[in-house]
Amino acid sequence: MEITVQASVYSAERTAKNATIHLESAQAVCDLPLTLTQNCIAYPPFINSHDHLVGNWDPRAGDNRPYSNTDIWVEEMKYSASYLERNKVWINDGTFRLLEGTAYRLYMLGCYKNLFSGCVAVQDHGPNQKPAYYDSFPIHVIRDYRQCHSISLGNWWGGKSAREEWESTNGEMPFITHLAEGTDERSKSCYPRFKELGLAQPNTLIVHGIAMTPEDIADCAANGVSICVCPESNIFLIGKTIDMDACRKYGVNVVIGTDSTMSGSTNILTEIRRFREIFPHIPANEIFAMITANAQRALLLDDSYGTLQESNKHLLLMAAHTSDPYENLFHSTMHDVELLVYDGTPIYGNAAMLNHFHHDPADYFFFAHDGHKRFVKGHPEKISAEIDAALGYHKHLPYIPY
Ligand SMILES: [Zn+2]
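Using the numbering used here, the final residue of the sequence shown is 425, and nothing's skipped along the way.
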């Protein structure tokens, strides 16, 4: 299927005006080429490198901010009003067996948070789940990874020791852990301990790294370690993020994550705007790389992710607000997604777009926003209704567009 757009962003280095994109889709109605030269910009869909899908409740928790480290917050937030409200929808019994009980209400809406903001891949940080969990999602929730909660608290939520988890990657999947999420001595000691355990490896993704020194960051760069920054969550909880200038100076592979809405921002689009506010000197295309190609590399995803190529099975079309296609992302919201395609299947966008694909309307939920008819794959509205029924009132979650 050929789609002609006002501009196409192939990568952080390459764009083209009036470009024609080839989309691989078994559902495409091929005698209907799409011409969207007036109002659409094509992008590779985004990758959210850090989230906790079951944690996407609202409002945020953190009455005693700023914290000197988030180990304090992890305990304290369990008594927050937000967490207690979430308990009416799903109780975390500490086993993290998410296929049981009503956890699906949270992890599925958490997945939709990512989908509605243009992501087709998300790293759901937590203990590895059974295959049926990953099979249930309309986008790629990364299943091939090993993890530790953090070096300071260990794998309290499930999993082996950090070293054993890393060894079981065989270097073929990412090893992911929160690290140095604070400003105190406890946080500062994390990277040296991590290094001593032999975990600074090319398939390692460190999340946060707030207390890391420029020397620690240089060491990450030298060892090929990737670092995920969650700017909103970091500023909200700690009042500080990682030393981004050191990351750039030493050439670390930096990616961006939203964290859950219990501490982070609404979605990946609000997250990159927050990143821009905190680091106004970093160019827009460099930030774009952090939610596309850099993330593909950090998470060891196949090369269908992170860039647009000759032919594509994942595609994002966004409404154009400005002529610079990188800058356009900082003016975009979840309502600007004209079309999101994952693995050849249209999963979100303007309902008129669905006319270009063979589809069964029963597979989709249709809703109106601002006078426009929108579609989304699956039936998140049924989960929203279950949540409202469990609470006895309507729950507004800011990442839901219907
Ligand atoms: Zn996290």
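Glycine included, C-beta positions come from ideal geometry on N, C-alpha and C. Please read all numbers here as calculations on a predicted model, not as lab measurements.
Classify residue i as buried or exposed, calling it buried when 16 or more other Cβ atoms lie within 10 Å of its own Cβ.
i	result
F217	buried
I162	buried
W96	buried
G274	exposed
W179	exposed
R186	exposed
L122	exposed
E255	buried
K136	buried
T118	exposed
C53	exposed
Can residue i and residue j be called in contact, C-beta distance under 8 Å?
i	j	result
D81	L420	yes
A30	P225	no
H354	N373	no
S191	R169	yes
P56	E25	yes
A65	A51	no
I240	C270	yes
S286	F259	yes
L338	V360	no
P424	M357	yes
P197	A321	yes
L363	I370	yes
V164	V145	yes
P150	G181	yes
I314	V277	no
R88	V112	no
S140	A316	no
How about residue i: is its Cβ closer than 7 Å to a heavy atom in ligand 3?
i	result
H392	Ligand 3 is absent from the structure shown, which contains only ligand 1.
Measure the alpha-carbon distance for residue i versus residue j and round it to whole angstroms.
i	j	result
L9	V32	Any answer about residue 9 is impossible in this case: the structure gives the chain only from 24 up to 425.
A375	G232	44 Å
D325	Q319	7 Å
F69	E47	18 Å
H172	G78	14 Å
D74	N62	31 Å
Q152	I265	30 Å
K405	E108	19 Å
L323	T27	30 Å
A342	L220	47 Å
D207	E300	25 Å
D116	G280	26 Å
K211	I174	11 Å
G329	P67	6 Å
H368	L222	Note that residue 368 is Thr in the sequence shown, not His. Going from the Cα of T368 to the Cα of L222 covers about 38 Å.
F398	F390	6 Å
Along the chain, where does the alpha helix (DSSP H) containing residue i start, and where does it finish?
i	result
D268	267–273
Y33	Looking at the DSSP string, Y33 is not in any alpha helix (DSSP H), and its letter there is neither H nor E.
N62	Where N62 is concerned, there is no enclosing alpha helix (DSSP H), although the beta strand (DSSP E) it sits in stretches over 57–66.
G133	126–139
F311	307–313
V97	93–99
E187	185–190
Y106	104–109
S355	No alpha helix (DSSP H) contains S355, which DSSP labels as neither H nor E.
T293	291–301
L260	254–260
Between which two residues does the beta strand (DSSP E) carrying residue i extend?
i	result
A391	387–392
N373	368–373
N276	276–279
L414	From DSSP, L414 is part of no beta strand (DSSP E) but of the alpha helix (DSSP H) over 403–414.
L363	360–365
query: If we count Cβ pairs, one from each stretch, closer than 8 Å, do we get three or more for the region 407–414 versus the region 71–86?
result: no
query: Are the region 320–336 and the region 291–298 touching, with three or more C-beta to C-beta distances below 8 Å?
result: no
query: Is the region 284–291 touching the region 230–247, taking contact as three or more C-beta pairs under 8 Å?
result: no
- prompt: Below 8 Å, can you find three or more Cβ-Cβ pairs linking the region 93–109 to the region 374–390?
  reply: no
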